[in-house]
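Residue numbers (full-length UniProt numbering): 1 to 311.
Where a beta carbon is used, it is the ideal one built from N, C-alpha and C, also for glycine.
Before any comments, here is the structure.
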């Protein structure tokens, strides 16, 4: 008869397989294919983190979101403490508990993501970019901070650990800002406006303009500034991707290059993010993957030299 330890090991192995078996979305395709270039242990750990983030997000965005209360999030946070202390509630928790026992993953970004869910429950407007940045950190920047300890920093990297974490944070912020710009119309139909209120006012726009969903010159000019800022965060993120462990760089480059192209798509749609959803077509995705792989093959020093020569 197999021991309890062997049974638990088998359950954890099944959990690690779960996301790859069910993934059919673009995000799953990128993550699935990209993470194959990681070592098996790193791949499993990243998937355990991904599943926890997905479950956390679905608390406020999933089918039962209307029934979620602050107390439910308090219980979810207590459950997180138990996971980090080796007391998982279910097999998905067990996968994360296994991960934090093997890698120096800090609990703080996980707690901060839960705080972001609390913010989503009580807040549907952001007065300025400082407020929006904090929200983006909570719900997306945290993912980068969770992942770096697993992905690892290249032994040959001369960058400081802080700069690599800052770049991972910047990628999360850039991705979330891109999500917000892509989903303006969808969020408006849910009564939400994530764009900074003061910047809308400075552009001569208001929530009513967003709810009307009409693309005007004012809107185009406003969106140009928002897209430029998102690209600045992507630029900041690029500085750190090349510093990651060689086996981890590919999926991060793929995510960065593909998400950047969503901004291009918004522009191609004449800034109509009210009724048109910006996306990256299959051909562009396929063309991006070799480019991402090529960058991943370059170590920190080689990529830095290439960037310097191109300037």
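Q: Taking 8 angstroms as the cut-off, decide whether the C-beta atoms of residue 257 and residue 154 are in contact.
A: As a position in the chain shown, residue 257 is number 257, starting the count at 1. As a position in the chain shown, residue 154 is number 154, starting the count at 1. In this structure, residue 154 does not lie closer than 8 angstroms to residue 257 by Cβ.
**Q.** CB of residue 144 within 8 angstroms of CB of residue 168, strictly
**A.** Looking up residue 144 in the chain shown gives position 144. Looking up residue 168 in the chain shown gives position 168. Yes, these two residues count as a Cβ contact at 8 angstroms.
Q. Expressed to the nearest angstrom, what Euclidean distance is found between the alpha-carbon atoms of residue 207 and residue 129?
A. In the chain shown, the residue the question calls residue 207 occupies position 207. In the chain shown, the residue the question calls residue 129 occupies position 129. So the alpha carbons of these two residues sit roughly 16 angstroms apart.
**Q.** Host alpha helix (DSSP H) of residue 223 (start-end)
**A.** For this step, residue 223 is matched to residue 223 along the chain shown. Residues 217-241.
(Q) To the nearest angstrom, how far is the alpha carbon of residue 146 from that of residue 140? (A) Along the chain shown, read from residue 1 onward, the residue named residue 146 stands at position 146. Along the chain shown, read from residue 1 onward, the residue named residue 140 stands at position 140. Taking the straight line joining both Cα atoms gives about 10 angstroms.
Q. How is residue 209 classed by DSSP in three states: helix, strand or coil?
A. The residue you call residue 209 lines up with position 209 of the chain shown. In this structure, residue 209 counts as helix in the three-state DSSP scheme.
Q.
Which residue wins for smallest C-alpha separation from residue 235, given the options 171, 134, 300?
A. Along the chain shown, read from residue 1 onward, the residue named residue 235 stands at position 235. If we check each option's Cα against that of residue 235, 171 comes out closest.
Q. Closest to residue 109 by CA distance: which of 56, 203, 275, 174 is it?
A. If you number the chain shown from 1, residue 109 lands on position 109. Nearest option by C-alpha distance: 56.
Q) Touch check for the stretch 208-223 and the stretch 274-282: three-plus C-beta pairs under 8 angstroms? A) yes
Q. Does the stretch 109-119 come within contact of the stretch 57-77, defined as at least 3 CB pairs closer than 8 angstroms?
A. yes
**Q.** Environment of residue 175 [buried if 16+ CB atoms lie within 10 Å]
**A.** By 1-based counting over the chain shown, the position of residue 175 is 175. Buried is the call here.
Q: Kindly indicate which three-state DSSP category residue 196 falls into: helix, strand or coil?
A: In the chain shown, residue 196 corresponds to position 196, counting from 1. Strand.
Q: For residue 101, count neighbouring Cβ atoms within 10 angstroms of its own Cβ and tell me buried if that reaches 16, exposed if not.
A: Position 101 of the chain shown, counted from the first residue, corresponds to residue 101. By the 10 Å Cβ count, residue 101 comes out exposed.
Q: Could you pull out every residue in the same chain whose Cβ sits closer than 8 angstroms to the Cβ of residue 49, ignoring the five residues on either side in sequence?
A: Taking the chain shown and counting its residues from 1, one reaches residue 49 at position 49. For residue 49, where only same-chain residues beyond five positions count, the Cβ hits under 8 angstroms are 96, 99, 105, 143, 146, 147, 150.
Q | Which listed residue (85, 152, 289) has its alpha carbon closest to that of residue 261 | A | By 1-based counting over the chain shown, the position of residue 261 is 261. Minimum Cα distance to residue 261 is reached at 289.
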